[in-house]
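Below is one structure; the comments refer to it alone.
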Amino acid sequence: MDTLEGRVAFITGGASGIGLGMGKAFLAEGMKVALADWSDDHIAKAKAELAGNNAVFFVKTNVADRASLQAAVDQTLAHFGKIHVLCNNAGVNGGGTAAGPDFDDWDKAISINLGGVVNGTKIVAPIIRAQGEGGHIVNTSSMAGVVPLPGLAAYSTAKYAIRGFSESLRMQLAAHGIGVSCLFPGATRTALVPLPEDDPSIDAENAPQFLKDLWDAMRGAIDPEDTGRAVVAAIKANNFYIFTNREFIDEVRQRHREIEDAFPSDEATPGRVNFETMRAEQVRNLMAPGNRPLPAKESTDMELDLGSRSPAGGQ
Ligand SMILES: NC(=O)c1ccc[n+]([C@@H]2O[C@H](COP(=O)([O-])OP(=O)(O)OC[C@H]3O[C@@H](n4cnc5c(N)ncnc54)[C@H](O)[C@@H]3O)[C@@H](O)[C@H]2O)c1
2 MDTLEGRVAF
12 ITGGASGIGL
22 GMGKAFLAEG
32 MKVALADWSD
42 DHIAKAKAEL
52 AGNNAVFFVK
62 TNVADRASLQ
72 AAVDQTLAHF
82 GKIHVLCNNA
92 GVNGGGTAAG
102 PDFDDWDKAI
112 SINLGGVVNG
122 TKIVAPIIRA
132 QGEGGHIVNT
142 SSMAGVVPLP
152 GLAAYSTAKY
162 AIRGFSESLR
172 MQLAAHGIGV
182 SCLFPGATRT
192 ALVPLPEDDP
202 SIDAENAPQF
212 LKDLWDAMRG
222 AIDPEDTGRA
232 VVAAIKANNF
242 YIFTNREFID
252 EVRQRHREIE
262 DAFPSDEATP
272 GRVNFETMRA
282 EQVRNLMAPG
292 NRPLPAKEST
302 DMELDLGSRS
312 PAGGQ
């Protein structure tokens, strides 16, 4: 999307942190913004901060509950008439070890962090498509969706899954004039990780060293309004990957080298090579950074089907 002015965004987890940062950056572009959140406290604070701005609409929802999310979308459509940009951003922190016997953290991480992204997309993407005016979907993953965090297997699992879901979605929606981006924040100054100075109930002295180091990282973390501006730039350029935290680059490179080094050296059969070359050609243009989706009016009702016309003809 080249122009955001006058377009409508629906942002989940929009009343705090990164969601609110995106909301403010969209407002600065002249957009209308629906901030959907389940926290009365966060909604009240954000309402006070944005008081008097009639381009903002607050709506309460739980992204893990499809009926609740559908109701929030319906209220937004009743208020603004359309939705062009969807930000599936609501998320919760939490543990969830890979090998421990606990299931509560797993269910929470999957139903909110991953389920919220899937629910939001399945409810709103058909609306954006039917409008025929193009649009963009931004899904919030995490650096924990690229390099997993120790002791946070449930969170990392959901965030990795968001990345896979988003890559597939990107290929499917490019033919309909709808771009997709995936946001991978590292430490960002939000309510997700409360600091002892902000929450007197935290026992800072007896906290494990890992948590103390995390608090230090959060004290120098990225401003969510900068993240919001990075999201605006990515939507305009139709870039899929949005990274905000440079400090991860060496670890990511090392991981990519490890993946490449793990491939066997024996050659594939010609049939395998032909099939994968054909498949890779079909999707290459869709995956290229900055690739423009087809203008909405040229799109077809076809889902991306590897045997059909390549949408790569878009500008
Ligand atoms: N802050 C970071 O360092 C960081 C790093 C990586 C990824 N993230 C991701 O960024 C996203 C936003 O988090 P944040 O850091 O801005 O935290 P935040 O707590 O400031 O904001 C998240 C918002 O989501 C809302 N929310 C949570 N569960 C919800 C639900 N089920 N339905 C509706 N609203 C819900 C919360 O009320 C809150 O207002 C999350 O997906 C998080 O995992 C954050």
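Start counting the sequence shown at 2; every next residue gets the next number (the numbering used here). Cβ atoms here follow ideal geometry from the backbone N, Cα and C, with glycine treated the same way.
DSSP-derived helix/strand/coil call for residue i
| i | result |
| --- | --- |
| Ile-19 | helix |
| Ile-250 | helix |
| Gly-53 | coil |
| Asp-42 | helix |
| Thr-62 | coil |
| Leu-5 | coil |
| Leu-305 | Bear in mind that the predicted position of Leu-305 carries a pLDDT of just 42, short of 50, making it unreliable; the figure below should be weighed with that in mind. Three-state result, Leu-305: coil. |
| Ile-84 | coil |
| Ser-266 | coil |
| Ala-73 | helix |
| Glu-30 | coil |
| Gly-272 | helix |
| Thr-98 | coil |
Near ligand 1: residue i beta-carbon under 7 Å from a heavy atom
| i | result |
| --- | --- |
| Val-60 | no |
| Gly-318 | For residue 318 there is no data in the structure shown, the boundaries of the chain being 2 and 316. |
| Pro-151 | no |
| Leu-193 | yes |
| Gly-178 | no |
| Asn-90 | yes |
| Gly-221 | no |
| Asn-140 | no |
| Trp-107 | no |
| Asn-239 | no |
| Ser-167 | no |
| Met-144 | yes |
| Thr-13 | yes |
DSSP beta-bridge partners of residue i
| i | result |
| --- | --- |
| Lys-25 | DSSP, once it has assigned bridges, lists no residue as partnering Lys-25. |
| Ile-35 | The amino acid at residue 35 is misidentified as Ile; the sequence shows Ala. According to DSSP, Ala-35 bridges with Phe-11, Phe-58. |
| Asn-89 | Asn-140 |
| Val-181 | Ile-138 |
| Phe-244 | Phe-185 |
Threshold first: 3 residues or longer. Then list the beta strand (DSSP E) segments lying entirely within the region 105-178, N to C. Those beta strand (DSSP E) runs which fall completely within the region 105-178 and span 3+ residues are 136-141.
Along the chain, which unbroken stretches of the alpha helix (DSSP H) at least 4 residues long are found entirely within the region 184-226? Taken in chain order, the complete alpha helix (DSSP H) segments of 4 residues or longer contained in the region 184-226 are 210-220.
For the region 100-107 against the region 26-44, do three or more pairs of beta-carbon atoms, one drawn from each stretch, fall closer than 8 Å, so that the two count as touching? Contact annotation: the region 100-107 does not touch the region 26-44, with fewer than three C-beta pairs closer than 8 Å.
Does the region 250-268 come close enough to the region 18-38 that 3 or more CB-CB pairs lie under 8 Å? With the cut-off at 8 Å, the region 18-38 and the region 250-268 do not touch.
Meets three-Cβ-pair contact criterion under 8 Å: the region 215-223 and the region 156-173: Taking one beta carbon from each stretch, the region 215-223 and the region 156-173 have fewer than 3 pairs nearer than 8 Å; the two do not touch.
On the three-pair Cβ rule with 8 Å, is the region 61-71 touching the region 118-128? Short answer: they touch.
Just checking, does the region 166-178 make contact with the region 124-136 on the three C-beta pairs under 8 Å criterion? With three or more CB-CB distances shorter than 8 Å, the region 166-178 counts as touching the region 124-136.
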